[in-house]
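Presented below is the structure to which this report refers.
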Amino acid sequence: MLLMKGKDVADQVKANISDKLSQLKNQNITLTLAILLVGDDPASHVYTNRLEKLAQSLGLQTKVLRLAATSDNKAVLDCLETLNQDPTITGILPMMPLPKHLDSQLIANSIAPAKDLDCLNNENIGKLYGSNYPWAPCTPRAVMETLKFYNIALEGKHVVVIGRSNVVGKPVANLLLNQNATVTICHSRTQNLAALTRQADIIVAAVGIAEFVKPDMVKAGVVIVDVGINQVADKLLGDVQADVQALASAFTPVPGGIGTVSTSMVIQALLKNYL
Ligand code: NAP
Numbered sequence: 032m033l034l035m036k037g038k039d040v041a042d043q044v045k046a047n048i049s050d051k052l053s054q055l056k057n058q059n060i061t062l063t064l065a066i067l068l069v070g071d072d073p074a075s076h077v078y079t080n081r082l083e084k085l086a087q088s089l090g091l092q093t094k095v096l097r098l099a100a101t102s103d104n105k106a107v108l109d110c111l112e113t114l115n116q117d118p119t120i121t122g123i124l125p126m127m128p129l130p131k132h133l134d135s136q137l138i139a140n141s142i143a144p145a146k147d148l149d150c151l152n153n154e155n156i157g158k159l160y161g162s163n164y165p166w167a168p169c170t171p172r173a174v175m176e177t178l179k180f181y182n183i184a185l186e187g188k189h190v191v192v193i194g195r196s197n198v199v200g201k202p203v204a205n206l207l208l209n210q211n212a213t214v215t216i217c218h219s220r221t222q223n224l225a226a227l228t229r230q231a232d233i234i235v236a237a238v239g240i241a242e243f244v245k246p247d248m249v250k251a252g253v254v255i256v257d258v259g260i261n262q263v264a265d266k267l268l269g270d271v272q273a274d275v276q277a278l279a280s281a282f283t284p285v286p287g288g289i290g291t292v293s294t295s296m297v298i299q300a301l302l303k304n305y306l
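Just remember that my numbering sits 31 ahead of the position in the sequence shown, which is counted from 1.
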């Protein structure tokens with residue numbers, strides 16, 4: 032059974048972009064990652080800290096804008112507009128989920144397309160589904176990069192994606208389809224979900240429910256990509272129960288799997304206008 036460790040994938044991504052980063056440094060071009068953090072979501076704080084550390088280790092600038100959980104739409108939009116207009120800001124990443132009272136769609140769509148690292152603006156979403164556009168949200172790209180790194184064949188394979196969010200489920204399904212996989216997308220209204228997952232050659236779990244996928248929901252030899260990050264007491268758990276690993280031919284651990292690759296994908300996206 033193959034353990035698909037995120038660190039090995041992330042190291043390769045960083046190695047691949049290091050030449051470009053040195054070139055930009057020699058040209059005195061400074062890249063700055065702006066992270067917009069609204070409220071107190073613990074996972075978003077952890078993700079922000081990780082991104083700051085990674086960016087700094089690569090000689091990139093970061094600017095973290097912290098807004099109170101009670102901020103209204105206007106405050107967030109004003110903040111984004113300042114970042115959109117600021118020529119020193121290369122890319123913008125708002126931490127999701129935003130507090131529930133905010134209009135996430137309006138806010139996401141207000142990021143200037145050229146600075147939109149997670150493909151949240153409608154213009155970028157349109158490109159993503161309309162053609163073989165090379166950019167997509169960072170986590171779906173992390174999934175694809177991981178599968179490629181570990182030579183997991185996709186053509187003709189039945190991939191069951193659990194989750195249909197705009198940042199993970201839908202775009203990853205599209206990227207898999209572009210690689211000629213046969214894709215089934217499941218969600219909270221899917222009937223008899225286990226009957227579908229049991230047919231899967233590959234399962235991409237992006238549900239947000241700890242240990243949602245259980246051993247009786249998979250067939251032997253399945254490839255498991257666990258996108259879930261769920262804080263349960265003092266533990267980080269994926270969307271797939273640990274017992275499933277014994278049946279899998281390959282799986283991504285949590286922590287240390289897709290999340291590790293996603294941060295390096297953010298840095299890669301920061302370079303997108305220079306590649
Ligand atoms: P989300 O927006 O909450 O979407 C969850 C999806 O799961 C929805 O489509 C929902 O269906 C579906 N779902 C919920 N309950 C279900 C059920 N009982 N049966 C079947 N489907 C169900 O979450 P997200 O932003 O996509 O994130 C998913 C997970 O990935 C979370 O654990 C998150 O923390 C993690 N994540 C990880 C990374 C990373 O870098 N590794 C990045 C982003 C997110 P409906 O559409 O019908 O509601």
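Backbone N, C-alpha and C define an ideal beta-carbon position, used for all residues, glycine too.
The C-alpha of Q136 is placed about 18 Å away from the C-alpha of T101. A65 has K94, I123 as its beta-bridge partners, per DSSP.
Not one heavy atom of the ligand NAP is found less than 6 Å from the C-beta of S135. When DSSP assignments are scanned along the segment 156-232, the uninterrupted stretches of beta strand (DSSP E) that are 3 or more residues long and fall wholly within it turn out to be 189-193, 213-217. In the structure shown, N80 adopts helical secondary structure according to DSSP, grouped into three states. Under the three-state reduction of DSSP, D247 is assigned to helix. The segment 239-301 contains, as complete alpha helix (DSSP H) runs of 4+ residues, the segments 289-301 (chain order). Rounded to whole angstroms, the Cβ separation of L301 and G122 is 5 Å, and the two are in contact under 8 Å. Within 6 Å of the C-beta of H218 there is at least one heavy atom belonging to the ligand NAP. With a beta-carbon spacing of about 5 Å, F243 and D270 fall inside the 8 Å limit used to define contacts. No Cβ-Cβ contact shorter than 7 Å links I156 with V192.
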